[in-house]
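Encoded structure:
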């Protein structure tokens, strides 16, 4: 509560700096005058009295500084001051400013471009349902490990796995392939693709935007 | 050789100011500083200027309030007075101080 109240008055003070500075100056002047007057009643002359008053006060400038630090948000004020100074300096030398701004802009642009590629290619998870639950199994055999580390998948093994393994929800099998596609009357083209089992899409948990995917009966 | 003086302990100035306003009523900064010096019988090293950031801090916390008025010598001066919250704060800090002081007294007792 107190902290909140303090923060509010500090923020409010930011907008009335000049008036508050003037008020503080008047307050401090009053202080020195009152002290001088009291010292004079003790028999000092005006000059001695004022010197003594300033001595017991102990530093007008330090007091003003400490007071301002207590009053506003010193961190923010310093930051604003620095920013203003930087802008002024940049204005003074537009060529340098242009170079700096261009360099920063190119740098930021390049980093953004590289990051967006790296993110989508390497970091972002696949848009499948529960990508963390998805595993790819390949077959291998001890005897062939050095010459043919990965064997072509055996369809019977797949069927066996699909029906017997209880630790997996479902399994699909696929093989890379290429197809000849003829759009309209154009020349046929060879397109890369996959041979898949009909449940391939449901295993990945993705659905086509339009229509439906394959049913087991269609295989 | 003058008599020995101590620095104002961190945090004690606030309570001294509050207590001064409680016993003296509304007072300007110079009056508060002089009063503290007199009550402490000049055994404290108090730069009178340090009173002003302290006054501001107390005002920000709502323990005192300030108002411009006219001093005894017809000068415009800012007068500070204790608020209800400040009165409560005095009680709390007094208890706090008494606890600390009695603890220290036990440590400093000759037969400890």
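Protein chains in written order, with the numbering used here: chain A, 93 to 311; chain B, 8 to 119. Here a beta-carbon is modelled for each residue, glycine too, at the ideal position from N, C-alpha and C.
Cβ-Cβ distance between residue i and residue j below 8 Å
i, j, result
"residue 98 of chain B", "residue 70 of chain B", "no"
"residue 31 of chain B", "residue 41 of chain B", "no"
"residue 246 of chain A", "residue 231 of chain A", "yes"
"residue 92 of chain B", "residue 21 of chain B", "no"
"residue 220 of chain A", "residue 214 of chain A", "no"
"residue 129 of chain A", "residue 80 of chain B", "yes"
"residue 233 of chain A", "residue 243 of chain A", "yes"
"residue 60 of chain B", "residue 158 of chain A", "yes"
"residue 306 of chain A", "residue 280 of chain A", "no"
"residue 127 of chain A", "residue 145 of chain A", "yes"
"residue 68 of chain B", "residue 94 of chain A", "yes"
"residue 56 of chain B", "residue 152 of chain A", "yes"
"residue 264 of chain A", "residue 240 of chain A", "no"
"residue 123 of chain A", "residue 76 of chain B", "no"
Start and end residues, alpha helix (DSSP H) containing residue i
i, result
"residue 256 of chain A", "247 to 256"
"residue 43 of chain B", "36 to 46"
"residue 183 of chain A", "166 to 184"
"residue 266 of chain A", "Element bounds for residue 266 of chain A: not the alpha helix (DSSP H) but the beta strand (DSSP E), 266 to 273."
"residue 216 of chain A", "Here residue 216 of chain A belongs to no alpha helix (DSSP H), and DSSP marks it neither H nor E."
"residue 161 of chain A", "152 to 163"
"residue 99 of chain A", "94 to 106"
"residue 149 of chain A", "138 to 149"
"residue 293 of chain A", "292 to 296"
"residue 125 of chain A", "109 to 133"
"residue 30 of chain B", "19 to 31"
Residues that residue i contacts on chain B, provided the C-beta gap is smaller than 7 Å
i, result
"residue 159 of chain A", "59, 60 and 63"
"residue 101 of chain A", "67"
Where residue i meets chain A, residues with beta-carbon distance less than 7 Å
i, result
"residue 85 of chain B", "119"
"residue 36 of chain B", "119 and 123"
Within chain A, the residues that residue i reaches when beta carbons sit closer than 9 Å
i, result
"residue 80 of chain B", "125, 126 and 129"
Where residue i meets chain B, residues with beta-carbon distance less than 8 Å
i, result
"residue 149 of chain A", "54, 55 and 56"
"residue 152 of chain A", "56"
Amino acids of chain A, ordered along the chain, whose beta-carbon sits closer than 8 Å to that of residue i
i, result
"residue 68 of chain B", "94, 97 and 98"
Within chain B, the residues that residue i reaches when beta carbons sit closer than 9 Å
i, result
"residue 163 of chain A", "60, 63 and 67"
"residue 170 of chain A", "Within 9 Å Cβ-Cβ: nothing; residue 170 of chain A doesn't reach chain B, min ~18 Å."
"residue 195 of chain A", "In chain order: nothing, as chain B lies at least about 44 Å away."
"residue 133 of chain A", "Simply none; closest approach about 11 Å."
Rounded distance between the beta-carbons of residue j and residue i, thought under 8 Å
i, j, result
"residue 92 of chain A", "residue 286 of chain A", "Shown here, chain A extends from 93 to 311; a query on residue 92 of chain A therefore has no answer."
"residue 54 of chain B", "residue 150 of chain A", "3 Å"
"residue 89 of chain B", "residue 29 of chain B", "6 Å"
"residue 172 of chain A", "residue 102 of chain A", "With a Cβ gap of about 14 Å, residue 172 of chain A and residue 102 of chain A do not count as contacting."
"residue 283 of chain A", "residue 293 of chain A", "Rounded, the Cβ-Cβ distance is 18 Å, inconsistent with contact."
"residue 62 of chain B", "residue 87 of chain B", "6 Å"
Residue interval of the beta strand (DSSP E) (run including residue i)
i, result
"residue 284 of chain A", "281 to 288"
Enumerate, from N- to C-terminal direction, the unbroken beta strand (DSSP E) stretches of 3 or more residues contained entirely within the stretch 55 to 99 of chain B.
71 to 77 and 83 to 89
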